[in-house]
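Worksheet: the structure to be examined is printed underneath.
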Amino acid sequence: MKLVLISTLLAFLSPWNDFSTYNNNGGGIVVAEAKMRNLKSGKSKTSKKKSSKSSTDHYLAANVDTVTWGYYDPFATPKISMESGETITVEVITHHSGHDYYKMIHGDPAIEEIFYWESNQTLTEKPEPKLPGSGVHLITGPIEVVGAMPGDVLEVEILELDPRFNPLSGKCFGTNSQKFAGYQYRNGFKADGTPYVRTGGTEAITVFEFLEEDDGTMIYGKPVYMYRFPNMTAPDGSLRTFDNNPAVMVPHEYDHGYDGYVSPDPIEYPSGFDDTVVTDAGGIKYGLGAELDWRAPLRPHLGVLAVMPNNTINYIDGSATGGASTIPPARFGGNIDDWRIGKGGTMYYTVEVPGALVVVGDTHAAQGDSELAGTAMETSMTTQLKITLHKAGSLPKPVQNLEFPLLETEKEWVIHGFAYDNYLDQLVDPSDIFAKGASLDLAMADTFIKTRDWLMGTFDTIEEEVIAIMTTSVNFGVTQVVDGNWGVHATIEKWVFDGSDTP
Numbered sequence: 000m001k002l003v004l005i006s007t008l009l010a011f012l013s014p015w016n017d018f019s020t021y022n023n024n025g026g027g028i029v030v031a032e033a034k035m036r037n038l039k040s041g042k043s044k045t046s047k048k049k050s051s052k053s054s055t056d057h058y059l060a061a062n063v064d065t066v067t068w069g070y071y072d073p074f075a076t077p078k079i080s081m082e083s084g085e086t087i088t089v090e091v092i093t094h095h096s097g098h099d100y101y102k103m104i105h106g107d108p109a110i111e112e113i114f115y116w117e118s119n120q121t122l123t124e125k126p127e128p129k130l131p132g133s134g135v136h137l138i139t140g141p142i143e144v145v146g147a148m149p150g151d152v153l154e155v156e157i158l159e160l161d162p163r164f165n166p167l168s169g170k171c172f173g174t175n176s177q178k179f180a181g182y183q184y185r186n187g188f189k190a191d192g193t194p195y196v197r198t199g200g201t202e203a204i205t206v207f208e209f210l211e212e213d214d215g216t217m218i219y220g221k222p223v224y225m226y227r228f229p230n231m232t233a234p235d236g237s238l239r240t241f242d243n244n245p246a247v248m249v250p251h252e253y254d255h256g257y258d259g260y261v262s263p264d265p266i267e268y269p270s271g272f273d274d275t276v277v278t279d280a281g282g283i284k285y286g287l288g289a290e291l292d293w294r295a296p297l298r299p300h301l302g303v304l305a306v307m308p309n310n311t312i313n314y315i316d317g318s319a320t321g322g323a324s325t326i327p328p329a330r331f332g333g334n335i336d337d338w339r340i341g342k343g344g345t346m347y348y349t350v351e352v353p354g355a356l357v358v359v360g361d362t363h364a365a366q367g368d369s370e371l372a373g374t375a376m377e378t379s380m381t382t383q384l385k386i387t388l389h390k391a392g393s394l395p396k397p398v399q400n401l402e403f404p405l406l407e408t409e410k411e412w413v414i415h416g417f418a419y420d421n422y423l424d425q426l427v428d429p430s431d432i433f434a435k436g437a438s439l440d441l442a443m444a445d446t447f448i449k450t451r452d453w454l455m456g457t458f459d460t461i462e463e464e465v466i467a468i469m470t471t472s473v474n475f476g477v478t479q480v481v482d483g484n485w486g487v488h489a490t491i492e493k494w495v496f497d498g499s500d501t502p
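Take 0 as the starting number for the sequence shown in numbering that gives the first Met the number 0 and just add one per residue.
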């Protein structure tokens, strides 16, 4: 059994991790000066570097047959099966791709296939989020782990996490959306005293490019341009006033670049991408007065990584597609949105259904604690995972009686708690989580209990001693305040217990 799983050598194998000492190997982000070219003309270097991944035992591509949009499907047929100890490469497509068709969809056949919307195709016929019941994420899977049964523990090592470069441009882009679900809207008023209003056409979108050194080293995210998410009609004629259904293309007329650069030639949208119409007078609003003279430190991670919940069917109601929304996280993992769940990290989950049925999605290039605006720097990525099954009868102490998603890094343990750790059973109507789960008090209480009990069980320590340890040596932080079921995490440095040298 291997519970100290992280090799420092792994931190140097991926293009993502060339740019930093990486968050799972000590937390420091090293930002270098990019050798950017022609940014004033709206151009940047085209990446020539390809992901230098070693082969894995299995490969799960993302396409219309392998992704589900917005919910955990309790009846889904596994897309692939693997044995314990094997490795798998999984492609993940961001649901934000429609924010900029030309940069994030055009020229990538798999993404084009997923986002294609035939003229006059109804909402029922189109594979897309069925709001308000479903979530918004594109999740790849499920992946069956042979022999996994409820009560077992699944160990998921994140070996690689690489950007998905566009085949035509050779570049990689992502976006951030200041959604109406963001914490800023709870504040009530903007800095100028005007109220935040949850009406259409108020959400700001920032488009980022991931820049690199001359040798191809990824170093940071550079904001390219901003715009206001417009009111639109979708191809089926329905009105879209919020950035809540990512299947709808934002129909930019021209390609936009740095410092207000606009391409001289209009974008040519092919059939299946040309039926969205902006209804705002004057069209899409660009720039918004932003200088964009800043950079974002990259923290690539998996926003969604989960085992299939055994109670996902509880969520099914008249407004849901067929299972629990992907937005709220819980004991099964899911949309935890902790930037620490990246390369070099290992997640542990208690299996809830036969085969475990692992799903992966919502890859982020950057995010801070809280994910305050409602989203992170959302982009498509490809990850490599090693999945190991530990049977219920022979579990080591750190994962015995595991009732929460546990993260292990080279130097830390991270415990995740939520306002409702099992909301699918705890709430009569689980969709009420978006109102009832917005509580840091509840999330802190849950994380406190889980941290206390985990420390006592793992290290055979009395409660009074554990409380002393928690108040002096454990860091509690806000994971996210935007996913319906708010999260708090507790970080415990390993050297406190293992006798190793202090930092």
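All C-beta atoms in this analysis are idealised placements derived from N, C-alpha and C, irrespective of residue type, glycine included. These numbers were taken from a predicted model, which means no experiment stands behind them.
CA-to-CA distance, residue j to residue i, given in whole angstroms
i: W304; j: V196; result: The residue asked about is misnamed: residue 304 is Leu in this sequence, not Trp. Going by the C-alpha atoms only, they are around 32 Å apart.
i: A109; j: Y115; result: 10 Å
i: L167; j: V477; result: 39 Å
i: G173; j: S379; result: 8 Å
i: N37; j: A355; result: For N37, the pLDDT reaches just 30, beneath the cut-off of 50, and the residue's location in the model is therefore unreliable, although a value from the coordinates is still provided. Cα to Cα, the separation comes out at about 49 Å.
i: V427; j: N313; result: 9 Å
i: G416; j: P328; result: 10 Å
i: T86; j: T198; result: 45 Å
i: K189; j: G259; result: 25 Å
i: V495; j: G220; result: 35 Å
i: D431; j: P141; result: 26 Å
i: A60; j: T76; result: 16 Å
i: D107; j: E82; result: 31 Å
i: E143; j: P353; result: 8 Å
i: I468; j: A418; result: 23 Å
i: T501; j: K493; result: 10 Å
i: G97; j: K342; result: 27 Å
i: G483; j: P269; result: 37 Å
i: V29; j: P296; result: Because the pLDDT at V29 is just 26, under 50, the model does not fix this residue reliably, and the point stays unresolved.
i: I340; j: F433; result: 24 Å
i: D254; j: P222; result: 15 Å
i: V261; j: Y347; result: 47 Å
i: I466; j: D459; result: 13 Å
i: R451; j: Q479; result: 21 Å
i: Q425; j: G436; result: 11 Å
i: Y101; j: T275; result: 15 Å
Same chain, Cβ closer than 8 Å to residue i, neighbours up to 5 away in sequence not counted
i: N175; result: I204, T205, F207, A372, T374, A375, M376 and E377
i: G456; result: K396, Q399 and N400
i: E202; result: S176, Q177, K178, F179, R227, F228, F241 and D242
i: T139; result: L59, A61, T65, V66, K78, V89, E90, V91, I92, V358, V359 and G360
For residue i, the residue or residues it bridges with in DSSP
i: Q479; result: S369 and G486
i: I87; result: H57 and L384
i: L405; result: Y347 and I414
i: S80; result: E143
i: I491; result: W412 and V473
i: Y184; result: Answer is none; Y184 lacks a bridge partner.
i: K221; result: E208
i: K287; result: First, the amino acid is wrong: residue 287 is Leu here, not Lys. Paired residue(s): none; L287 is not in a bridge.
i: A295; result: G220
i: L153; result: Y348 and L388
i: G173; result: F207
i: E159; result: Q383
i: G239; result: Residue identity differs from the one stated: residue 239 is Arg in this sequence, not Gly. R239 pairs with M231.
i: Y71; result: A323
i: P194; result: F188
i: E377; result: T174 and H363
Same chain only: Cβ atoms within 6 Å of residue i, ignoring 5 sequence neighbours per side
i: N474; result: T490
i: W412; result: I491
i: Y58; result: T88
i: D497; result: none
i: D235; result: T121 and L122
Beta-carbon contacts of residue i that lie in its chain and below 7 Å, excluding the five residues immediately before and after
i: G510; result: The requested residue 510 is not part of the displayed model; the chain covers only 0 to 502.
i: G271; result: Y115, W116 and E117
i: S51; result: Bear in mind that the predicted position of S51 carries a pLDDT of just 42, short of 50, making it unreliable; the figure below should be weighed with that in mind. Hits under 7 Å: none found.
i: T311; result: Y71, P73, G322, A323 and L423
i: E351; result: P149, V306, M307, P308, N309 and F331
i: G278; result: Before going on, a small fix: residue 278 reads as Thr here, not Gly. So the qualifying residues of the chain are N230, M231 and T232.
| task | Let me know the beta strand (DSSP E) ranges lying completely inside the region 248-277, each 3 residues or longer, listed in chain order. | result | 253-255 and 261-265
| query | Given 8 Å as the limit, is there contact between the region 379-391 and the region 153-171, that is, 3 or more CB pairs closer than that? | reply | yes
| said: Across the region 243-257 and the region 212-220, are there enough close Cβ pairs to call them in contact, namely three or more that are closer than 8 Å? | reply: no
| request: Report yes or no: do the region 275-289 and the region 218-227 share at least 3 C-beta pairs separated by less than 8 Å? | output: yes
| message | Using 8 Å as the cut-off, can you tell me whether the region 437-445 makes contact with the region 356-372, which would need three or more C-beta pairs spanning the two stretches below that distance? | response | no
| Unbroken stretches of the alpha helix (DSSP H), 4 residues or longer, contained in the region 297-334 | none
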